[in-house]
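K.L.:
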Amino acid sequence: MGTVLLVALAIAAIGAIVTKLVHAGQREAQAEKARLAEEARRQARRSLDTVWAMDDRQFEEYIANLCRRDGCTDVKRVGGAGDLGRV
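Each residue of the sequence shown is one higher than the last, beginning at 17 in this note's numbering.
1. With DSSP as the reference, label R93 as helix, strand or coil.
2. Looking only at its chain, what residues have a beta carbon closer than 7 Å to the beta carbon of R93, apart from the 5 residues adjacent to it on each side?
3. If you draw a straight line from the C-alpha of A53 to the C-alpha of G31, how long is it?
4. Measuring only the C-alpha atoms, how far is A28 from R43?
5. Is G18 helix, strand or coil by DSSP?
6. In whole angstroms, what is the alpha-carbon distance linking V20 and A26?
Below you can see the structure in the form of structure tokens.
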């Protein structure tokens, strides 16, 4: 009877330890996910600041490059005065 009780206590202790480790891992994963999301927000903000700092010609070329990146094949930057910002 004593041996059965010791085995049961050992199993309960191991179960408690495993449960704590699993919860710790979940908390760590959530913290890492939040950290990565914050880093992505910071990177997006830096990118947006870069776009806002562009002059007209740089901005038009930037947009033309985005169009090319997304599959547009006939993209030319032909901007000039009065073009209303069209690429």
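Even for Gly, the Cβ is constructed at its ideal location relative to N, Cα and C.
Remember, it's a predicted structure, so these values are computed and weren't measured experimentally.
P.N.:
According to the data block:
1. Counted from its first residue, the sequence shown places residue 93 at position 77. Shown here, R93 sits in coil according to DSSP, grouped into three states, outside any helix or strand.
2. Counting from one through the sequence shown, the residue named residue 93 turns up at place 77. Counting only Cβ-Cβ distances below 7 Å, and skipping sequence neighbours, we find E76, E77, A80 and V103.
3. Along the sequence shown, read from residue 1 onward, the residue named residue 53 stands at position 37. Along the sequence shown, read from residue 1 onward, the residue named residue 31 stands at position 15. Roughly 33 Å between the two C-alpha positions.
4. To locate residue 28, count along the sequence shown from 1; it is residue 12. To locate residue 43, count along the sequence shown from 1; it is residue 27. Cα-Cα distance, rounded: 23 Å.
5. The residue given as residue 18 occupies position 2 in the sequence shown. Here DSSP, grouped into helix, strand and coil, assigns G18 to helix.
6. In the sequence shown, counting from the first residue as 1, residue 20 sits at position 4. In the sequence shown, counting from the first residue as 1, residue 26 sits at position 10. Each residue's Cα considered, the two are about 10 Å apart.
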